[in-house]
Structures are given as C-alpha cells and as structure tokens.
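Below you'll find the structure, written out as structure tokens, and then a few comments.
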Amino acid sequence: MQYKKSIKAYEKAKEVIPGGVDSPVRAFKSVGGTPLFIKKGEGAYLVDVDGNAYVDYVQSWGPLIFGHSDKTIEKAVIKAVKKGLSFGAPTKAETKLASLICGLFESIDKVRFVSSGTEAVMSAIRLARGFTCKDDIVKFEGCYHGHSDSLLVQAGSGAVTFGTPSSPGVPSDLTKHTLLAKYNDMKSVKECFKNSKNIACVIIEPIAGNMGFVPSDAKFLQELRTLCDKHGALLIFDEVMSGFRAHLKGAQGVYETKPDMVTFGKVIGGGMPVGAFGARAEIMDKLSPDGPVYQAGTLSGNPVAMAAGLASLEKIIDDEGLHVRLEAKAKRLVEGLKCAADEAGIALQVGAIGSMFGFFFNDKVVKNFDDALTSDTKRFALFHQGMLKRGFYFACSQFETGFICDAMDESMIDATIEAARVVFKEIA
Ligand SMILES: *Cc1c(COP(=O)(O)O)cnc(C)c1O
C-alpha cells in the first residue's frame with residue numbers, strides 16, 4: 117500500500133494545525149506512521165486520499181452504527197439542509213427526537229440537546245451540582261467524559277496515549293472537587309464518600325470504552341446505585357459511547373441498574389455534532405429557563421444535526437434485530453481474533469457487547485485502568501501496522517474500543533480474522 121498523498125497532506129496540515137489533527141487520537145502517535153487522510157466513506161469501508169480502501173472498525177469513533185454514507189440519514193440531512201442550516205429558534209424536530217429518547221428510557225422525562233459529548237457531560241455535572249447543592253464529583257480512573265476542565269483527570273485513551281493524565285492548563289483549583297475511584301472496585305468508591313460529605317454525583321461509563329473495552333460488573337453498578345441513594349448523590353451514566361450502541365437502551369438495556377441522569381453523544385447525531393443529557397423532570401426543571409442552572413448553545417438542537425439524529429434513531433428503533441445482529445458479528449470477530457492469537461501463542465483478552473468490542477494484548481482479564489495499562493502496547497502497535505497494511509482500519513491505540521456497523525458482513529469479518537492470523541504469527 118502507498119500512503120504518498122496522506123503523507124503529503126499530513127505535512128501540510130502540520131504547518132497550520134497543531135499535530136496536523138483536530139483531535140489528538142487521530143494522530144498515529146502510539147502506533148507510528150502517518151494518519152490516513154480520508155477521501156470518503158462507503159458502508160463498512162473508508163477510502164483514503166491515496167485510493168486505499170479499509171474495512172473500518174472505528175466508524176468515526178462510534179457515531180456511525182449503519183456505516184458510512186447511510187442513504188436514509190443522507191436523505192434526511194439533504195432535505196433539512198434545503199430548509200436552512202440554523203435558526204436559533206425551536207423546531208419540531210427537537211421535540212420529536214426528545215420524545216423518542218424519553219420513550220426509550222424510564223429514567224428520562226426530559227432531555228436537552230447540545231453539540232458534543234463533552235458539552236453534554238459538562239452540563240450534566242453542572243446540573244447535578246445545582247440540583248444537589250454539593251460540589252464534589254466522583255469519577256473513575258480510565259473513564260473519559262470529554263475534555264472539560266474538571267473531568268480531565270485520569271481520563272483514559274487520548275490522555276493515556278499522550279501521557280498527560282491531567283493536562284497543563286487545568287488549574288488544580290478546578291480539579292480539587294474531582295475525586296478518583298477505581299473501576300469495578302467498590303472499596304475505592306466508599307473511600308471517596310468517607311473523605312467527602314459534599315458529593316453531588318458519581319459519573320461512570322457503565323460500559324467503559326475509553327481505557328479499551330471494559331464492561332462494569334452488574335453487582336458493582338447496583339452497589340453504586342445503593343451508595344449514591346444513601347448519600348443523596350446522583351448517579352450519572354455517561355452513555356456518549358454506549359448509548360444506542362451496546363443495546364438500543366445502552367447500558368440500561370444490559371444491566372438492571374437505573375441512573376439518575378444520562379449523557380448521550382456519538383450515535384445520537386448519526387454522524388452530525390449532537391450531544392444530549394436527560395433525567396427525571398424534577399432534575400431537568402432546575403435548568404434555565406425553568407430553573408436557575410444556566411446552560412445554553414447557539415447551535416444546540418441544530419436542525420440539520422437533529423435530522424441526522426432522528427433518521428438514525430428511527431432506523432435503529434424500527435430494526436428490532438439490529439443489536440442482536442451487530443453483537444453476533446462483534447462476537448464472531450473477537451472470538452476469531454482470540455483463536456488466531458491462541459494459535460500464535462499470543463495472550464489476548466477479548467470482549468463484546470452489542471456493537472462495541474475490544475481486545476487487550478494481556479494475559480490477565482482487564483477489570484480496571486491499572487489492569488489495562490499492563491497490556492503490551494508495543495505488540496498492539498505492530499498489530500495495528502500489520503492490519504492497516506492489509507486493509508483493516510482499527511483504532512490507533514490499545515486503549516480504544518472497536519465498533520461494528522451494520523454494513524459489515526461476515527465475509528469482511530472472516531477476512532479480518534484471516535489477516536490477523538498472519539499478523540499474529542509475524543509479531544509473536
Ligand atoms: C466520546 C466521549 C465523550 C466526549 O464526546 P465528544 O463528542 O468527543 O466531546 C464523552 N464521554 C464518553 C464516554 C465518550 O466516549
């Protein structure tokens with residue numbers, strides 16, 4: 117494969133954009149080589165500017181559950197574009213999308229739309245603080261909740277890859293209210309509640325995808341619920357990644373536990389910039405203009421973005437077998453990878469829920485961030501390079517989750533496993 121045009125485009129981009137990319141995970145820092153510049157996406161495939169095609173297991177880092185250039189979503193977007201790009205006034209599309217979400221989630225009476233996952237979580241945290249009149253928050257090592265100041269502490273993927281667990285530019289005054297706990301470790305959460313009587317909320321990725329793919333234990337989530345209730349803290353599920361992806365109802369379709377608040381992003385916009393946060397009315401009514409907690413956005417609920425989200429969500433809801441089908445494909449992939457790794461004598465931990473999957477080059481089961489960090493990242497880099505060369509595009513870090521889209525068929529997955537078999541032998 118030739119990457120000449122990508123290399124040239126990257127050199128040019130670096131002159132005017134820091135690192136040549138607008139989000140650090142897009143740089144191939146931890147796997148080496150040049151980020152591929154993309155010309156177009158079609159179904160399961162990405163095509164780069166050199167004309168190489170790849171089976172895409174990144175899917176824009178989550179949003180595209182049907183694959184690239186889905187015709188239904190494309191049509192809806194074009195129709196919306198023709199009526200105007202933005203009004204800064206309410207449209208019925210917002211109510212329609214909000215109603216769909218409220219209908220799906222028992223724990224949600226009202227939602228507000230924003231333009232990114234970061235914004236959704238940042239606003240949810242403010243609301244949790246405003247509602248409880250408390251300041252501290254508990255987050256888990258390795259969970260990523262966007263790049264807002266108080267959440268950029270031990271924040272997984274991008275932050276791990278770049279070795280800046282908390283970033284310069286974030287005053288410690290702004291993170292002193294952020295208490296850290298260990299994922300799947302109740303003792304560490306209890307410790308936080310012992311140390312602070314001022315905890316507004318516990319925020320968690322119920323199916324973590326930003327330290328690699330690490331699901332939570334059902335019992336752990338249930339105990340979190342109990343502990344939050346006991347102390348009058350809100351439990352927030354950050355489902356920016358897992359929402360509509362792990363299951364139609366995200367983690368709430370997989371586990372029994374119900375959160376007080378949920379944040380969405382990625383799939384909810386079908387590829388356009390949309391985020392949202394929702395909760396029961398008692399909480400949401402504290403938000404301005406009804407309540408005192410301020411939150412706003414010029415492009416929030418943008419009509420074109422709403423059209424994409426609505427088309428995507430309606431298509432997901434209409435297709436009852438979707439998540440079962442996606443999970444079967446995800447399992448076929450990770451079980452095939454595991455088999456191929458075994459043959460080569462490589463230790464690989466694999467997992468999948470719905471259309472999310474992950475694998476760690478690790479001889480132990482990964483339950484938390486510390487475990488994830490013991491994975492063999494050098495071997496991952498070699499795997500990534502080997503697969504890319506053969507036309508398979510995986511996320512460029514050991515600490516990311518992979519995504520199946522509906523446009524992927526079994527032959528693509530089997531071809532991926534066959535390629536991996538060769539690569540594993542090379543890197544064993
Ligand atoms: C991607 C992600 C975010 C941030 O969303 P952006 O749209 O990138 O701002 C927040 N939380 C989780 C769990 C995510 O996966």
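Counting from 1, position 204 in the sequence shown corresponds to residue 320 in the working numbering; the numbering is continuous, with no gaps.
For each residue, glycine too, the CB sits at the ideal point set by N, CA and C.
Bear in mind the structure is a predicted one, so any value in this text is a computation, not a measurement.
Note down, in chain order, each residue of its chain lying with its Cβ closer than 6 angstroms to the Cβ of residue i, except the 5 sequence neighbours on either side.
i, result
"F144", "P151 and C512"
"K121", "V165 and D166"
"R233", "One point to set straight first is that residue 233 is Gly, not Arg, in the sequence displayed. These residues qualify, in order along the chain: G262, V356, G381 and G391."
"A334", "Y371"
"N168", "M117"
"K130", "G136"
"F496", "F477 and Q514"
"T379", "A236, V237, A240, D354, V356 and F393"
"E443", "G470"
Is the closest heavy atom of ligand 1 to the C-beta of residue i under 8 angstroms?
i, result
"N300", "no"
When the Cα atoms are used, what is the spatial distance from residue i to residue j?
i, j, result
"A209", "G200", "13 angstroms"
"F540", "V482", "20 angstroms"
"T373", "K365", "12 angstroms"
"A535", "N300", "34 angstroms"
"V318", "F153", "38 angstroms"
"F515", "S358", "16 angstroms"
"S312", "E339", "18 angstroms"
"A412", "L180", "26 angstroms"
"G285", "E235", "18 angstroms"
"L395", "E190", "In the sequence as presented, Leu is not what sits at residue 395; that position holds Ala. Straight-line Cα distance between these residues: approximately 30 angstroms."
"M503", "A468", "20 angstroms"
"D487", "F329", "12 angstroms"
"R142", "V269", "21 angstroms"
"D522", "F360", "13 angstroms"
"L162", "K310", "49 angstroms"
"K198", "D345", "48 angstroms"
"A125", "K155", "11 angstroms"
"Q465", "L216", "36 angstroms"
"A316", "D434", "37 angstroms"
"M377", "G470", "22 angstroms"
"R242", "P408", "11 angstroms"
"K292", "K431", "43 angstroms"
"A456", "D492", "17 angstroms"
"G148", "H500", "9 angstroms"
"N418", "R441", "31 angstroms"
"A196", "D138", "27 angstroms"
"P134", "E127", "11 angstroms"
"S304", "S202", "46 angstroms"
"H439", "M524", "13 angstroms"
"V193", "K445", "28 angstroms"
"H347", "A297", "16 angstroms"
"G258", "E542", "31 angstroms"
For residue i and residue j, which I take to be in contact (beta-carbon distance under 8 angstroms), what is that distance rounded to the nearest angstrom?
i, j, result
"T490", "F508", "Going by Cβ atoms, the distance from T490 to F508 rounds to 25 angstroms, so no, they are not a contact pair."
"F256", "I320", "6 angstroms"
"V254", "L295", "5 angstroms"
"R537", "E459", "7 angstroms"
"F485", "M327", "5 angstroms"
"G518", "F473", "5 angstroms"
"S404", "V230", "Not really, about 14 angstroms apart at Cβ, beyond 8 angstroms."
"M422", "T207", "7 angstroms"
"V383", "G178", "7 angstroms"
"I399", "F247", "5 angstroms"
"F475", "L453", "6 angstroms"
Excluding the 5 residues preceding and the 5 following residue i in the sequence, name in chain order all residues of the same chain whose CB lies nearer than 8 angstroms to its CB.
i, result
"M528", "A160 and V171"
"C218", "I224, D225, K226, V227 and G394"
"A544", "A460, G461 and I462"
"G204", "T414"
"G385", "P179, G391, A421, A424, G425 and S428"
"V402", "Checking the sequence shown, residue 402 turns out to be Lys, not Val. The residues are L243, G246, F247, P408 and V409."
"L220", "L364, K365 and I433"
"K306", "L343"
"K480", "Q465, D487 and T490"
Leaving out five residues on either side along the sequence, give the residues of the same chain with a beta carbon under 7 angstroms from the beta carbon of residue i.
i, result
"A367", "P322, I323, F353, E355 and S358"
"K212", "L426"
"N314", "K250, D251 and D252"
"S176", "G387"
"R341", "L351 and T373"
ask   = What residues does ligand 1 have around it, judged by CB closer than 5 angstroms to any heavy atom, in chain order?
value = S232, G233, T234, H261, G262, E321, D354, V356, M357 and G381
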